[in-house]
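Working notes for the structure below.
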Amino acid sequence: MIVCGHYGCGGVRASLLPPDPGLPHVNCRIAPLCSLARAHRDELDAKASERERVDRLAELNVLEQVRQLRAHPIVRDAEPAPLVHGWIFALEDGRLKVLTSGYEADDAMTCETAAHSA
Ligand SMILES: [Zn+2]
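Quick look at the structure:
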């Protein structure tokens, strides 16, 4: 299984801005991203530019989706359990970056945030 995000994501960027009261459906859709951003506020605030904050949050979001998928009973209890890979794509140059491969040696790279249970 592959979770693939992309850099320069407008949805991720919107989650770092104050919510627009005129766009309730958008606000609802990006709410999980907003809580993920809050959980990683210190790391994101330390970035030098908005672009770096947006791109790092896009990576953290991939890792969070991977974490949730790996923890889901359908994946966790499957025999054999499928590997869940986390990738991110750069539209600018077409490159894919592997954030987590699904192999045990890479588990340290996996985001351990509990933003969604907070
Ligand atoms: Zn996007």
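Each residue of the sequence shown is one higher than the one before, counting from 506 in this note's numbering.
Each residue gets a CB set at the ideal place from its N, CA and C atoms; glycine is no exception.
What you are looking at is a predicted structure, and each value in this text was computed from that prediction instead of being measured.
Please find out if some non-hydrogen atom of ligand 1 comes closer than 8 Å to the beta-carbon of residue i.
i: residue 567; result: no
Identify whether residue i lies in helix, strand or coil by the three-state DSSP scheme.
i: residue 588; result: coil
i: residue 509; result: strand
i: residue 574; result: helix
i: residue 604; result: strand
Select from the options the residue whose C-alpha is nearest the C-alpha of residue i.
i: residue 554; options: 508, 521, 543 and 535; result: 521
i: residue 538; options: 569, 606, 586 and 607; result: 569
i: residue 607; options: 586, 600 and 536; result: 586
i: residue 513; options: 526, 563, 549 and 547; result: 563
i: residue 561; options: 598, 507 and 592; result: 592
Less than 8 Å between the CB atoms is what I'm expecting for residue i and residue j, so what's the real figure, rounded?
i: residue 596; j: residue 511; result: 6 Å
i: residue 603; j: residue 508; result: Not confirmed; about 11 Å, so no contact.
(message) Residues around ligand 1, please: the condition is that the C-beta lies closer than 7 Å to some non-hydrogen atom of it.
(response) Working through the chain, the matches are 511, 514, 515, 516 and 517.
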